[in-house]
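Notes follow the structure.
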Amino acid sequence: MSSVGALPAGGLPLEPLPAPADERELLTGATDERALTAELLGKILQPPKWLGPAIVVTGAISSVLVFSVGYTLVTGIGVWGNDIPVAWAFAITNFVWWIGIGHAGTFISAFLLLFEQKWRTSINRFAEGMTLFALVQAGLFPLLHMGRPWFFYWLVPYPSTMAVWPQFRSSLTWDVAAVSTYLIVSVLFFYLGLLPDLAALRDFASERWRRRIYGIFALGWYGSAAAWRRHRIAYGLLAGLAAPLVVSVHSIVSMDFAIGILPGWHSTIFPPYFVAGAIYSGFAMVLTLLIPARRWYKLEHVVTTAHLDKMAKMLLVTGLVVSYSYAVETYAAWVGGDAFERRMQLAVRPFGPIGSIFWTVIACNCGTPLLLWSRRVRRSAATLFVLSLFIQVGMWLERFMLIVSSQSADFLPSSAHGYQPSIIDGAILVGTLGFFSFLFLVFLRFVPFIPVSELKALNHDLRARP
Amino acid sequence: MHPTLDSTSKLDSDRDLPPAALSRRQFMSLGGATLALASQALAGCTRAPREKIVPYRVQPPDVVPGRAAHYATASTLDGFATGIVVESHEGRPTKIEGNPEHPSSLGASSAFEQALLIELYDPARLRGVTHRGRPESDAAVDAALARAADVKRAGRGLHVVMPPVSSPLIADQLRRLRERLPELRLHFHAPLTRLEAFRGAQLAFGAALETRADLRRAKVIVGLDADLLAAGPAHLARAREFADQRRVTSATDEMNRLYVIETTMSVTGAMADHRLALPPSEIPRFTGALLHEIADAVGGVEPGMIAQLAANRSGVDSHAPFVRALARDLVRHRGAGAVLVGEQQPAAVHAAAHALNVLLGNSGAALSYAPSPIFAYGGPEHDSLAALRDALASRAVETLIIVDTNLAYASPRALELAQLIQAAPESFYLAQFEDATAAACRWVIPRAHVLESWADTRAVDGTTSIVQPLLTPLYGGRTDSQLLAGLLGETPVSAYEQLRSFWRSELKDEDAWELALTRGVVDSSAIAPVTTPELRWNWASELVAGGPPPHLELELNLRRDPSVHDGRFGDNPWLLELPCPVTKLTWGNAVGLGPELAKRLQVETGDVLVLEADGQHLEVPALVVPGHADRALTLTLGWGRSGVGLGAGHGSNAYALMKSTLGWAMPVTVARSPRTEELAVTQGVIGLGELESSILVQSTLGEYRKTGQLGREQRRKPLSLYDSDARRAARQWGMTIDLNACTGCSACVIACQAENNVPPVGKNGVLKHREMHWLRIDRYVTGSPRAPRILVQPMACQHCEKAPCEYVCPTAATVHSSDGLNQMVYNRCVGTRFCSNNCPYKVRRFNWFDYHQAEQSPTELVYNPEVTVRERGVMEKCTYCVQRIRRAEIHERTAHEPLRDGDIRTACEQACPTRAIRFGDVADQHAEVSRLRASDRSFAALNELGTVPRTRYLAKLTNPNPELA
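So the sequence lines, in the order shown, correspond to chains A and B. Just so we're aligned, residue 4 is where the first sequence starts under the working numbering, counting upward by one. Just so we're aligned, residue 21 is where the second sequence starts under the working numbering, counting upward by one.
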């Protein structure tokens, strides 16, 4: 490895300082770089036995999505449980949830890169993959939930012969811009980071066809110092672009509600509250995926307890921000003097027909992270796995509660009405979970999901220091 | 007649030219024939029209394609006429309005008249003569009818059943039929019989007279189990008169006072200033007590009778303060009151009301009496169902002819007519639909729809209307008079010929005839009122002893249904989906009971009850009705039909519990079934909550007079960061809805549905809360559970000046017009539904499916060609009937006739019986709508949201009696 490769990710060459103890924890076991390459790339070229059947099963679940989406498109969204007043329900909940999950990837890749956090190294590829696949699920819903999805492109500003532009005061047009930008930048960021590893796979693989395919995707990367230099600069720039997107995308998604006048939606706290919630659920999803993967791929020395500990701390912080937002929302309603808002926050949500969901949300999203004050909990993979599931359920229900309760009891008592999801609603949610898992498993099968070159750099760095 | 056409015909001697002097009538038959041909192409089973089809090569002078023509005609329900005006596009009726010249309409129409339109195009209508289910020719049925009415047999064994008849032509035919066939038996059957009202008048006056009310002259109105604002032959006119006395615009204005004593909450009860809920059997006693008080005060009653009434009061008079206060109020307003009784009350109560009105001097003022336009009114033919039953059972009936009444279904099941009809050796049924009676009869003959018929009919005051067709019968149906002509042995002629020759004596020349057709009424055909006859008192014991014994545990109150009447409209998709004004129930009926009884029985809405009356059982879901009398249950007629129609299988058949057409209230026992049923209720029993005053402003007249202010908060203009839109047209459309006049009758809901091509969504759609009605009537229940008050608020798009729906639409599909309309551009809508979420009034409706996909021909003909039929996935909502606005504006430009206030009327406004809805230019200071907006009572719903709605409401006022405060 050249000295360029030893640079800490995105950082400047500094005098080597003694590596702190917790950095040493980030990579244990094998320390030989050749062995690392062989081990990590070997996991792609000789996948574990469970992977094939798992891909088949998740593929089968994905077909539920294909069927239910097809049925919806052919028949109309009347097959869902939506009604008037609850015109948005499962689809928008799923959209916000999946977009939120997508946040952790970019947060880990971009923010932690800019802040020179070494622990991002082993997990960033994983998180980026998750982001992309979550975005694929999320992107499905705004299209699908339209009454006439075949005209989705009317939301895109293009020089149309009708000479009609989208209506830019609507947050839905902002959504289109925000989400598509985010998707493009995420793909570029992911792919750029992947280039050296694809080249490594090309060089490492023994079969000709593998070398061919990986060779095509590696875009002729040959690891010269100049290439590394440009790669570093481009990667840093993209990180600089992606980091504000982490904040902007969910801020804009939150405005789908905040610009509305409904009690419980019309609130200025939404952007920061949604961003925190997004990162919260995203980190939970990373843990959900990473904990089994690290075990089944026998990667405990690469994705170590220290990683889990740090992610758990992120969960704790974002969880507390979310809890604080809940408290502020309720308090603002109480002192705000808007009778409709007060009724929504203090009566309808906690004690209305879906009050049980409200309290489940509080338990999952505010109660769960408090356990993470304990170091023991933070370092227990099994416990964290369970907690991460609770948080994801809590975050899904939070969005559901927020979206449905405000619509179901807004201003006129005469129009108040509840919501009952249909079987298709459930099938679509399950289908996206299946499709997401399917894409993720395919990703594990073909792509170096641990950034080999970056890990070797970290290894080099750790060994170079006293 | 049409010189322009004559001159054009000279240009071309081609034989294909339209007939030279094309009268409108001929045009209609041509237009109708065109339609018939079109429907034949679609349906393939109608007869070819005899008339030649002629294209508009030379356009008839009074026809402009695309411009609607309007024809006056009349609809008949239970024998009484309501004048209607039908809009027709190129021979295709598309909308029904009230006829302003008709005394029972005054320009208004009820949901029933409105919904006749969709009935015309019902794909389930009978399409040809059948004999035992097999298609037969018209000639065959004519021959069979001639055999049945063979003059040699003098009509022995021949029974004819039909609804009560006011038609002069049919009355004449019946008279001649009786002469020709003296043994013929006639039966007039209406399930919602007015027999007790006949008898009441007979008891009080010795003659079967109709009571006529002019509520404009009544300051105190008492309804004894009378839904006088929403039911009965002249309810539209009565509701207008009633509302005219409640349009308070300043603190000095007077207002009438309405007392209602009734069992279940009715539309009228909801409007009452004072309401007392009593089980049906206690209403006679209440009436006796009232009569006693009045007799005390004004005298004029036989002493013996007073003693009887007094004795009857003692011990049971728990409503003494109410009775006394009511009596004093009536006495204070002698000569300016009206006591009206519901038709289901026993004759003695009617008689007592007549006595009250005479004693108080109300007769000759607000009330007058006149002979009925109904043929053989008060005669035995009106109460002969039992006789028919006996005749059928004893095989004395050889031929049964049933005309337009679903006898097998709409008759007490105890009479077992459904089975007995089948036993008749020969039976004929003239009907529009394949119903239970059609299944029981041998010959089934399609009946022409009212919009396909030539006929005549009379309003309750005798005003006669000529019924003219808008199109030739779609399925070759015949009219009642054509059927009777067959019995009379006359050579078959068209219904028009029959009618014209009958009326030739009265409407001699063509001009008089055409004038009657044009206006929809025959000049001075009303029956003059008689001087109030001397009162008789021989019914006192009947009043005192009236009603079931007092130990009665529970009694069942059978009522007309606000949606399907007696079952007559049971297949009408618009009416099936019309929420009941009080309970908001659609697609079915349920047994109504008060909250206290529900608590005692431990049942909730939706729990199925098993009712048992006189050995008959009926399973029916419970529905808790606020303000329902304790110890009583209410069930509406007309549901639970078997068979194939749209309404079949919905609700429970109340006829199963009926013993006879008389005595609607009956003892009943109740058991709980383990089943529950989900009722398609559009709004549960909801109050206004703590935010009441921002939604609906209400007060009392006294309070208003004291403070001179109403809903001040709701008038203040909210602060805004944004200027109002500068691009404003000269005209600014707006609406006011007077909550003091609105009864919640829901005629506007159907009018809007008809005008704006709103699809019904079915019971499942309602259960999922996906009704498409652009205009709904919000109903709130306030007050104490013992004396609840119902408040209604018609709610459609408010056309907010700062509309929250507009800025959230990503595709600019909902935008503001310069004249203040919140417009919906269907073509541009992608269906994100954000606009609906952001609408605080929740008046936007979404096409969850393609609601027109499953439509059967010829239903599509019902659509208004001036309004887009919306596709799947787009949002829709009230447009203020923009098509009417634009049509008027185009007319203004092309005809150079300035538009005046009131020229444009929205569909809801036009139908409204009480003129609660007013539409106009709010920028015009002299417009009615501007005057109302400026009044003290005007307020904006949810004013504090800053939406600046163009629709303003006028606050609800009540006028309680200070003595009862």
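Each residue gets a CB set at the ideal place from its N, CA and C atoms; glycine is no exception.
Can you grab the Cα-Cα spacing for the pair residue i / residue j, in whole Å?
i: residue 350 of chain A; j: residue 128 of chain A; result: 44 Å
i: residue 128 of chain B; j: residue 241 of chain B; result: 22 Å
i: residue 669 of chain B; j: residue 592 of chain B; result: 14 Å
i: residue 470 of chain A; j: residue 459 of chain A; result: With chain A represented from 4 up to 469, any question about residue 470 of chain A goes unanswered, as that position is not in the structure.
i: residue 976 of chain B; j: residue 184 of chain A; result: 54 Å
i: residue 14 of chain B; j: residue 602 of chain B; result: Since the displayed chain B opens at 21 and closes at 985, residue 14 of chain B lies outside it and no answer follows.
i: residue 973 of chain B; j: residue 136 of chain B; result: 30 Å
i: residue 956 of chain B; j: residue 727 of chain B; result: 11 Å
i: residue 259 of chain B; j: residue 599 of chain B; result: 20 Å
i: residue 221 of chain B; j: residue 424 of chain B; result: 28 Å
May I ask you to list the residues that DSSP assigns as paired with residue i?
i: residue 1057 of chain B; result: Shown here, chain B extends from 21 to 985; a query on residue 1057 of chain B therefore has no answer.
i: residue 585 of chain B; result: B:581
i: residue 652 of chain B; result: B:575
i: residue 813 of chain B; result: B:798
i: residue 179 of chain B; result: B:205, B:420
i: residue 939 of chain B; result: B:755
i: residue 224 of chain B; result: Beta-bridge pairing links residue 224 of chain B to no other residue.
Is the Cβ of residue i closer than 9 Å to any Cβ of chain A?
i: residue 35 of chain B; result: Residue confidence for residue 35 of chain B is low, a pLDDT of 39 falling below 50, so the modelled location carries little weight; the figure read from the coordinates is stated next. False, the Cβ-Cβ gap to chain A never drops below 9 Å.
i: residue 789 of chain B; result: yes
i: residue 965 of chain B; result: yes
i: residue 829 of chain B; result: yes
i: residue 868 of chain B; result: yes
i: residue 715 of chain B; result: yes
i: residue 824 of chain B; result: yes
i: residue 862 of chain B; result: yes
i: residue 891 of chain B; result: yes
i: residue 706 of chain B; result: yes
i: residue 710 of chain B; result: yes
i: residue 962 of chain B; result: yes
i: residue 764 of chain B; result: no
DSSP three-state call for residue i: helix, strand or coil?
i: residue 126 of chain A; result: coil
i: residue 528 of chain B; result: coil
i: residue 438 of chain A; result: helix
i: residue 321 of chain B; result: coil
i: residue 192 of chain B; result: helix
i: residue 229 of chain B; result: strand
i: residue 374 of chain B; result: helix
i: residue 322 of chain A; result: helix
Less than 8 Å between the CB atoms is what I'm expecting for residue i and residue j, so what's the real figure, rounded?
i: residue 36 of chain A; j: residue 463 of chain A; result: 7 Å
i: residue 368 of chain B; j: residue 300 of chain B; result: No, residue 368 of chain B and residue 300 of chain B are not in contact; Cβ-Cβ is about 13 Å, not under 8 Å.
i: residue 381 of chain B; j: residue 552 of chain B; result: Going by Cβ atoms, the distance from residue 381 of chain B to residue 552 of chain B rounds to 10 Å, so no, they are not a contact pair.
i: residue 353 of chain B; j: residue 184 of chain B; result: With 8 Å as the limit, residue 353 of chain B and residue 184 of chain B do not qualify as a contact, their Cβ atoms being about 34 Å apart.
i: residue 698 of chain B; j: residue 638 of chain B; result: Not confirmed; about 19 Å, so no contact.
For chain B, find out if any of its Cβ atoms is closer than 9 Å to the Cβ of residue i; answer yes or no.
i: residue 176 of chain A; result: yes
i: residue 427 of chain A; result: no
i: residue 415 of chain A; result: yes
i: residue 404 of chain A; result: no
i: residue 179 of chain A; result: yes
i: residue 3 of chain A; result: The requested residue 3 of chain A does not occur in the structure, where chain A is confined to residues 4 to 469.
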